[in-house]
Amino acid sequence: MADRCRQPKKKQPMTYSWPLAGTYQALSSASVDLIWRKVMNLADVSWHPLILRTNVPYGLVPKPGFIFQAMTRWIPWPIQIFVERVSPGKLLSIRILVLPGVEERVTYRLESTVCGSQISCSVMLRGWLAPLIWSLIRDYAAVLAARLAIAAEKDSPSAKPPIGPCLDF
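Quick note on this note's numbering: the sequence shown kicks off at 698 and runs consecutively.
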C-alpha cells in the first residue's frame, strides 16, 4: 500500500558538464603575437594534427559566431567548427561538431612568461560518443600545443627589416 502512495520524484534539472577533458601546455621561444597570428590564421592549419584544411579565406579574422567547415586528415569527412569566444592575443575558444553524438570544445590560451610564451590547449568532449572519440584523439590532443609552438617558431616574422638602418655607425 505504501508503494502506491509514493510521490513521483521531481526531475533534476539537466546540467551540462564536460566529462572528458585534457589540458596540454607547451613553452615557445616565439612571441605571443606570432603565436596568436598562427592560431588566428584559420586558412593555414598545416600545424594541426587532425585538421587537413578549412574553407576559410586567407586573411579572414574569426569573430564569435563565425561558422566554417574543415576536412579531417583521417577520412574525407567535413566537420563544422563554430568560433565561440575570442579575446585578442589571449584566448580562442571553438566548438567542433563532428557527429550528432559528440561535441568538442577546444580552447587556446596564450600567456607571456619569463621563460617565453606559454601555450595552453584545453580539449573537452561531451556526448554519448565522447569516450570512443576521446580514445581516438587523445594522443593527437596531447601534441596539439607542442605542434603549434613548433610551427610558430619556424615561421619568420612577416615584417622585413628596413633597407638602410636609421643609425649607421
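For every residue, glycine included, the Cβ atom is placed at its ideal position computed from N, Cα and C. Bear in mind the structure is a predicted one, so any value in this text is a computation, not a measurement.
Check                                                                                                          : Outcome
T720, buried or exposed, once every other Cβ within 10 Å from all chains shown has been counted against 16     : exposed
Those runs of the beta strand (DSSP E) which lie wholly inside the region 739-765 and span at least 3 residues : 748-751
Minimum length 4: unbroken alpha helix (DSSP H) runs contained in the region 782-834                           : none
Cβ shell of A848 (< 8 Å), same chain only, five flanking positions each side left out                          : K735, S743, W744
Residue(s) in a DSSP beta bridge with I778                                                                     : F765, I793
Cβ-based burial, C818 [other Cβ within 10 Å; buried from 16]                                                   : buried
Beta-carbon proximity list for L747, same chain, < 8 Å, skipping 5 on both sides                               : T769, R770, W771, I834, Y837
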